[in-house]
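Right, one structure below, let's go through it.
What follows is the structure in structure tokens.
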């Protein structure tokens, strides 16, 4: 289940977007300003962002530029939703790094169609092979090799490893991992993540040392990381 962040200061529009997305089985969190959006981004990253341009504390153009400069967030799809209707406004948003542009007022069906298309494209753009240090994951063959040895993983272990490798050197919170792999935000379930990390490290052998624990936060993977 995909998580979508809405950054919109107009309460009525924010509620329309939230209801439409939740009714389409997306998880949604809405913000009325950039500051609270940035705070949440520190702990959990979304799969897609709906972003207004005119916000009380920072405009959407600046937010997009900030997202594209940060390695943690540069791949997150962004749809700008705005009352600005000139071609110049649209071009500026796309040039700053937005992936799509919807003009207000919009139809709910159009919004959902754009969201589905962009999420699908983001999934298709994921690389078929990932390599971090001595770990090679081939998604087309659904295989994992560590130090030239085939590694047999359960489905969740495989998905967990792939998620870590797709975010190489990025610290992922337990909550973000729980949502991405198990499709839930269950509180108090971080033990599930910890146990899967433990078995994943064991199966990877020496390469398991590439998965690092960041105390009180979560986990990251890198070529030169060591097990704490």
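Numbering (our numbering), first residue to last: 15 to 242.
Ideal Cβ placement from N, Cα and C applies to all residues, glycine included.
| said: Taking the alpha carbon of residue 222 as the reference point, which residue from 74, 161, 127 has its own alpha carbon closest? | reply: Comparing Cα-Cα distances from residue 222 to each of 74, 161, 127, the minimum goes to 161.
| query | So is the beta-carbon of residue 120 under 7 Å away from any non-hydrogen atom of the ligand GDP? | reply | Ligands displayed in this structure: none; no statement on the ligand GDP is therefore possible.
| DSSP on residue 120, reduced to helix/strand/coil? | Secondary structure of residue 120 (DSSP, three-state): coil.
| request: Within its chain, find whatever has a CB closer than 7 Å to the CB of residue 98; leave out the 5 residues flanking it on each side and keep chain order. | output: 67
| message | To test your reading of the DSSP string, which unbroken beta strand (DSSP E) runs of 3 or more residues are found completely within the stretch 155–179? | response | 157–160, 163–165
| request: With a cut-off of 8 Å on the beta carbons, I'd call residue 85 and residue 235 a contact; round off their distance for me. | output: About 14 Å; that fails the 8 Å criterion.
| query | Thinking C-beta only, is residue 93 closer than 8 Å to residue 116? | reply | yes
| message | Tell me the DSSP secondary structure of residue 187 in three-state form. | response | In the three-state scheme derived from DSSP, where H, G and I count as helix and E and B as strand, residue 187 is classed as strand.
| said: Can you list, in chain order, the residues of its chain with a C-beta nearer than 6 Å to that of residue 35? Leave out the 5 residues immediately preceding and following it. | reply: 18, 42
| According to the Cβ coordinates, are residue 187 and residue 146 closer than 8 Å? | no
| query | Anyone know if the C-beta pair for residue 173 and residue 149 falls short of 8 Å? | reply | No, these two residues do not count as a Cβ contact at 8 Å.
| task | Grab me the residues of residue 114's own chain with a C-beta within less than 7 Å of its C-beta, minus the 5 sequence neighbours each way, in chain order. | result | 93, 128, 132, listed in sequence order.
| said: Quick check on DSSP: helix, strand or coil for residue 15? | reply: coil
| task | Name the two residues that bound the continuous beta strand (DSSP E) containing residue 52. | result | Looking at the DSSP string, residue 52 is not in any beta strand (DSSP E); the run it does join, the alpha helix (DSSP H), is 48–55.
| field | Residues near residue 87 in its chain [Cβ-Cβ closer than 6 Å; skip 5 each side] | value | 81
| task | Check residue 233 in the structure and name its three-state DSSP category. | result | strand
| message | Measuring straight from C-alpha to C-alpha, what distance separates residue 110 and residue 37? | response | 31 Å
| said: Rounded to whole angstroms, what is the Cα-Cα separation between residue 238 and residue 219? | reply: 15 Å
| query | Which stretch, first to last residue, makes up the beta strand (DSSP E) that contains residue 100? | reply | Run containing residue 100: none; DSSP gives neither H nor E here.
| query | Is it buried or exposed for residue 91, if we count other Cβ within 10 angstroms and need 16 for buried? | reply | Counting the other CB atoms within 10 Å of its CB gives residue 91 a total of 16 or more, which places it among the buried residues.
| query | Are the beta-carbon atoms belonging to residue 167 and residue 217 less than 8 Å from one another? | reply | Yes, the pair counts as a contact, with Cβ atoms nearer than the cut-off.
| query | If you check the beta carbons only, do residue 21 and residue 64 fall under 8 Å apart? | reply | yes
| field | residue 76 and residue 96 closer than 8 Å at C-beta | value | Taking 8 Å as the cut-off, the beta carbon of residue 76 is found no closer than this to the beta carbon of residue 96.
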